[in-house]
Every structure is written in structure tokens, then in C-alpha cells.
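What follows is one structure encoded as C-alpha cells, with my remarks underneath.
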Amino acid sequence: MLKPEPMTKVVICGLNDDLSQVSNVLSKTRLVHVENYAGEDEGFSTGTTLNYGARVSEVLVRVRSLIKILEVDAGSPADVKNADSVESDVFEKLDDLEKNILEIYDNNRSSIQKLKDGTNRLELMEMFESFDINLEYFSGFKSLDVLTGILSSNPEFSVENGEVFRDDDMIVVFVPVEDREEVEQKMIKLGFKSIDPPSGEGPISKGISVLKSDMQNLESEIEATGHELEALSNRYGQWLVVAEEHFAAQSEKSSLPLKLALSKNAFVLDGWIPVKESDDLKNSLEGINLDIQFESSDAVPPVKLDNPKAVKPFEFFTKLYSTPDHRELDPSTLLFFGYPLFFGLMIGDLGYGFFYFLLGHFLVIKYRHSDELYQLGQIIRLAGFSAFFFGTVLFAEAFGFALSFLQHDFVLDKGNGDHVGFMLLASGAIGLFYVTLGLVMGFYNAMNMHNLKHAIQEKLSWIMILWGGLSFIPPWLFGSSLIGSRIGLPEDIEFWVGLSGFLIGLVLAVSAEGVVALVEVPSIF
0 MLKPEPMTKV
10 VICGLNDDLS
20 QVSNVLSKTR
30 LVHVENYAGE
40 DEGFSTGTTL
50 NYGARVSEVL
60 VRVRSLIKIL
70 EVDAGSPADV
80 KNADSVESDV
90 FEKLDDLEKN
100 ILEIYDNNRS
110 SIQKLKDGTN
120 RLELMEMFES
130 FDINLEYFSG
140 FKSLDVLTGI
150 LSSNPEFSVE
160 NGEVFRDDDM
170 IVVFVPVEDR
180 EEVEQKMIKL
190 GFKSIDPPSG
200 EGPISKGISV
210 LKSDMQNLES
220 EIEATGHELE
230 ALSNRYGQWL
240 VVAEEHFAAQ
250 SEKSSLPLKL
260 ALSKNAFVLD
270 GWIPVKESDD
280 LKNSLEGINL
290 DIQFESSDAV
300 PPVKLDNPKA
310 VKPFEFFTKL
320 YSTPDHRELD
330 PSTLLFFGYP
340 LFFGLMIGDL
350 GYGFFYFLLG
360 HFLVIKYRHS
370 DELYQLGQII
380 RLAGFSAFFF
390 GTVLFAEAFG
400 FALSFLQHDF
410 VLDKGNGDHV
420 GFMLLASGAI
430 GLFYVTLGLV
440 MGFYNAMNMH
450 NLKHAIQEKL
460 SWIMILWGGL
470 SFIPPWLFGS
480 SLIGSRIGLP
490 EDIEFWVGLS
500 GFLIGLVLAV
510 SAEGVVALVE
520 VPSIF
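Okay, structure coming up:
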């Protein structure tokens, strides 16, 4: 429980004809961590996917594409179906379903793009609407050029041999072709910003009216195709999730040869397996002509944490920080006891505790398909229960209000000085125990990973700094003992023993970490 499962090296040799069967068994049992073949032996090379791999990969890509298009919530499949029935069902329906979905989706995307283009065109036409000029007059002349855009300054701007139309900052200038460059340069010096006029024929007002009508039709089409896609999602969403799960598993099985050493007729599989599951592996592969050998190895094995069901969720925190080496202690059990305890004492409110419990339960129910969110939900649920328990038994509070009907002799009153002192002392004692336990576990890990010298310098030093500091600092600064008076130790002995331990620990820490250890000293308290 406190250490990862012991692992043993396993080597499986067999005929290539049996690879498919071996792949099925290994995928089903999930006992072996397969290591990739490095390709260093003469006569052996990595293989290719099994004969059904290409087809499975193609179907998997198509199914995942449809899941993305339909925005299906890829949760746990509602129905568990036989693998063969899933496969035959997919091969029968997928082509027609894909064709239907893609056709509707393409229409939807096309309408959305047309609506976007129409919105931009409408904005442009509305900028020129006040000029009441037919659209065809903005272009197509042989002897005239049209300059259109924004000119904020010089409201009296005019040109010779041309005509100017103004509406606030908008300007339209008709000039002879030969004068265009000169007039344009003059306008640019005045701050002119060119805007291409809208194309088309007929009055702008009529064009705007037609465009708005077309956009309303497009919005209706977008809504209709959106409803069609939603209906298809509701009808086939879970079916696609089941198919995706099945073909993802098939794809994984088909890719096993990519990790193995293969010759013309045989294969060799290298991997790791928990020692206690060696017999299970042999039994599962019984009936297949294989040679299975379990070997000791100096190589670093993969880590499989070994915890009871109740502790399993707290592996989330362990892995989030760092998965322990196979020689190190697993802190998940320590987190299982410490996190809910500290959370419950910190919140200490049955109302908030009940809220956290419901939040965690929601995550557990909603996200069973996600290992991380499922574990997080279990953690929050347990922490909420702890807060509810302490809020009921120890503090008799709900949402910050005292509950008189829960009062008893052992309820702690946050307004009572003696009770506050007890809570501070208890919190400090629990925290001190927790930190010390963590350092002791670190000492064990350092000794296993390196040697006793490293363990003393890196971990025992901080235990000495912590306990030595707590022994000599209170008598030195405040004139009162924190530890010695409670165990019957004279203050002068407590002071000198504590100071000696603190200084020795500090020297050891500096010898291991350098001067950075001096900066870290305050953080240990």
C-alpha cells in the first residue's frame, strides 16, 4: 500500500500467426506494460499493424470526425454491446450516415459563410445608402473614375472637371480618368481613406432590401440545418461513442506489432508485469503456443501504484506532482488521511460541507468516463463529508451561523479565547506531525534512491532544523517553552539541545543544498 507494486520483466516468444490472438488477450487483460523494441538485433525488426489495422484506423478517423461535427459529449456509452455486433452495425450504417451528416454540415457551413459575407456587404452598402446612386454607376465608365471613401477634414473639398458627393465623412468623387491620380493624391494629403464601393446593379436601397431578405433566408437555413444536426446527434451520438470506443480498442490491438521484435516467422515481446499477476498472465495465454519467461532486471520498471479502493482517488494528487519511483514510498495514503482532515477542520461548516459533497457527487456521476475528473469528484465528495462532519460535531455551524440545536459540551466556540487557543495548538500539532511524517518518508526515499549520507543531509537535517527550532526559539524569543514544559524537560536543557540540533541540521542542509538552504529555513516553520 505504501509502495508501488513490485514488477518483474516478462519475455514472450511465439509465432507470428498467433500475434492477433496474443494481442486480443493482452488488450483484454491489460496485465503487461509492453516496451518498444529498439531494433538492435540482427534478423529482427519492428513489425507493421495487423491486417485489419488500416481499415480500423480509417473507420476510427471517420467516426471521430462525425463525433466532432455533431458535438457529441464523448461520455461513457449508455449501452454495452457485443464487439461483433458493433462492428457489423458500423460497417452497415456508416457510409450512409456519414454522407447525410456531411451534406447537412456542408450546407450549414456554406450558409454561415454566405451570411457572414452578406453581413459585410450590408455594412458596406449602408455606408453608401444616403447617396442614392445606382450601384452600376460606381464602376464601368471609360472616361470617368470614381473615388470613394472617408474624408473627415475639409468639408468644402471640390475638384475641377468633376463632381463631389458628401455625406458627413463619406465622400464620392467622379473625375476624368486622366485627373484621377492628381485628385487622389490631393485627397490623401487631406486624410482620405479609400473604401471600395459595393458592386451590383440598381438602386442601393433596393439592393439593401434584397440583401436583408436573402440574409433572413440564410438564417432560417442555418437554424434548420442546425436542428437537423442536433437531431442526428441525439439519435446517433451514443452509437458513435460506442463505435469510437470499440474501434479505438481495435486500433490499439492492431498496433501491437509496432512495439515488438519480429523475424520472418516469430516475434519477441519485452514488457513488465506486477509479480503477483504473473500466474494470471500464464493462465490467460494458456492454449497459445508461446514461451513465457519471467526475468529479474536492473532496468527501471514502470510504476504501478498499489492502493486500496478508498485511497485510489488520491493517486490523482500523487501523479499530478510526480509519480514515485518504484523504490520510493507512495504518499497517496498520507494524502487520503491528511487532505480530508485538514479540509474538514479548515471549513468546519455543515452547510458548505454539504455543498462540496454535492459538487463532488455531481462530478462522480457526470464524468465517470474521465479518470481525472472522476477521481477529483471522489476527493471533493470525501472532503465535503469531512467538512460536514466537523461542522456538525465540532463547530455546530451552517453557512457561518451557529446552530443551537447541535450544541453540546464538546462544541468549539470561535469566540471563546480558550477554545481558539486549543484550536491553534491542535492545528499546529497536527501540522507538525504531518510535516515530520513527510520528512521521514523523504528520508526513507533518499536512503533507497541514494545512500544514508544523502538521506541524513537532505531529510534528517530538516527534521533537526524543525524540532530544534521549535525547542529553542520560543524560550529565546518569548521566554516560554513550547515543547519542554509539556514533557517535563528543563528549559535550559531544552534550549541548548534545541539550538544544537538546529545548528547541526543547518550545517547538514547547507552541505547538501548550498546557501539556498538558508533561504528555505523559514518555510519549514
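Its first residue numbered 0, the sequence shown is counted upward by one per residue in numbering that gives the first Met the number 0.
Every residue, glycine too, gets a C-beta built ideally from N, C-alpha and C.
Check, Outcome
"By DSSP, does Leu210 sit in helix, in strand, or in coil?", "helix"
"Please report the straight-line C-alpha distance between Gly478 and Gly467, rounded to a whole angstrom.", "16 Å"
"Give the range of the beta strand (DSSP E) segment to which Ile291 is assigned.", "Leu289 to Glu294"
"Am I right that Ile100 and Leu231 are in contact with their C-beta atoms under 8 Å? What's the rounded C-beta distance?", "6 Å"
"Can you give the beta carbon distance from Ile482 to Glu493, rounded, assuming they're within the 8 Å contact cut?", "7 Å"
"Per DSSP, what are the beta-bridge partners of Asp144 in this structure?", "Val174"
"What do you reckon, are the CB atoms on Val352 and Gly376 nearer than 7 Å?", "Here residue 352 is Gly; the residue named in the question, Val, does not match the sequence. It is not a contact, given that the beta carbons lie outside the stated cut-off."
"Assuming Ala242 and Val62 are in contact, meaning their beta carbons sit under 8 Å apart, how far apart are those beta carbons, in whole angstroms?", "5 Å"
"According to DSSP, simplified to helix, strand and coil, what is Arg165?", "strand"
"Using 8 Å as the Cβ pair cut-off and three pairs as the minimum, do the segment 430-449 and the segment 459-473 touch?", "yes"
"Could you say if the segment 261-273 and the segment 24-39 meet the contact criterion of at least three C-beta pairs nearer than 8 Å?", "yes"
"Compare the C-alpha of Ala386 against each of His407, Glu512 and Tyr355 and name the closest.", "Tyr355"
"Quick check: Tyr104 and Ile149, are their CB atoms within less than 7 Å of each other?", "no"
"Using DSSP with H/G/I as helix, E/B as strand and the rest coil, what is Asp17?", "helix"
"In terms of residue numbering, what span does the beta strand (DSSP E) encompassing Leu268 cover?", "Ala265 to Pro273"
"Distance check for Val392 and Val65, CA to CA, integer angstroms please.", "Note that residue 65 is Leu in the sequence shown here, rather than Val. So the two alpha carbons sit approximately 53 Å from each other."
"Comparing C-alpha positions only, which one of Phe156, Pro175, Ile203 and Glu91 sits nearest to Arg120?", "Ile203"
"Which residues bound the alpha helix (DSSP H) around Asp329?", "Note, Asp329: premise wrong, no alpha helix (DSSP H); not H, not E."
"Would the segment 282-292 and the segment 42-49 be scored as touching if the rule is three or more Cβ pairs under 8 Å?", "no"
"Could you tell me which of Ser253, Val310 and Thr7 sits nearest to Leu280, measuring between CA atoms?", "Thr7"
"Rounded to a whole number of angstroms, what is the C-alpha to C-alpha distance between Glu122 and Gly201?", "17 Å"
"Among Glu91, Ile272, Leu319 and Asp491, whose alpha-carbon lies nearest the alpha-carbon of Val10?", "Ile272"
"Between Phe43 and Asn35, what straight-line distance do the alpha-carbon atoms span, to the nearest angstrom?", "13 Å"
"Can you name the residues that DSSP bridges to Thr7?", "Ile272"
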